[in-house]
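Per the UniProt record's numbering, the very first residue in the sequence shown carries number 1; after that it's consecutive. Even glycine gets a Cβ: it sits at the ideal position worked out from N, Cα and C. Have a look at the structure below before the remarks.
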Amino acid sequence: MVHHRASTSPKLSAHRPPHSGMSSTSAVEVRSLYRSLLRTSRQFAAYNFREYAKRRTRDAFREHSTETDSRRIQELMQKGLKELHMLKRQTVVSQFFQLDRLVVEGGKTGKQTGNSGDILGLMRAYK
């Protein structure tokens with residue numbers, strides 16, 4: 001029989017939203033919502049929207065990480081679920097308008113694609 005030790009790596013636990021004062025069921029629900037929001041934010045076609053959604057999710061969970069009032073936690077969960085549904089709708093819409101990848105995503109620069117970007121070069125090409 002193989003026994004696995006629970007990871008105590010601070011790197012892994014840093015990404016989990018703290019859940020002090022919550023029952024274990026609530027903590028599981030909160031963690032599930034957190035993961036769903038991050039997973040959904042990765043589906044945005046545009047880099048800037050992806051990063052914004054991830055940052056906003058992390059910031060919101062950090063901001064409310066010390067919340068202990070069960071009523072307030074339920075309100076925040078409802079708000080988070082609404083945000084999740086909104087994100088899902090927005091990711092579908094964003095996929096209709098896919099743009100070229102940015103350089104930070106591994107996309108090509110103007111020189112690599114052959115577009116010098118200057119007007120004179122374009123005018124010479126059409127003469």
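Could you check whether E67 and L76 sit closer than 8 Å to each other, using their CB atoms as the reference points?
yes
So Q36 packs on L84, CB below 8 Å; how close in whole Å?
A small fix is needed here, since residue 36 is Ser in this sequence, not Gln. Correct: roughly 6 Å between the Cβ atoms.
Applying the criterion that 16 or more other CB atoms from any shown protein chain within 10 Å of the CB defines a buried residue, is S32 buried or exposed?
exposed
Quick check on the DSSP output: the alpha helix (DSSP H) that includes E67 runs from which residue to which?
No alpha helix (DSSP H) holds E67; DSSP gives it neither H nor E.
Please classify S70: is it buried, with 16 or more other beta-carbons within 10 angstroms of its beta-carbon, or exposed?
Label assigned to S70: exposed.
Just to confirm, is the Cβ distance from K88 to T40 under 8 Å?
yes
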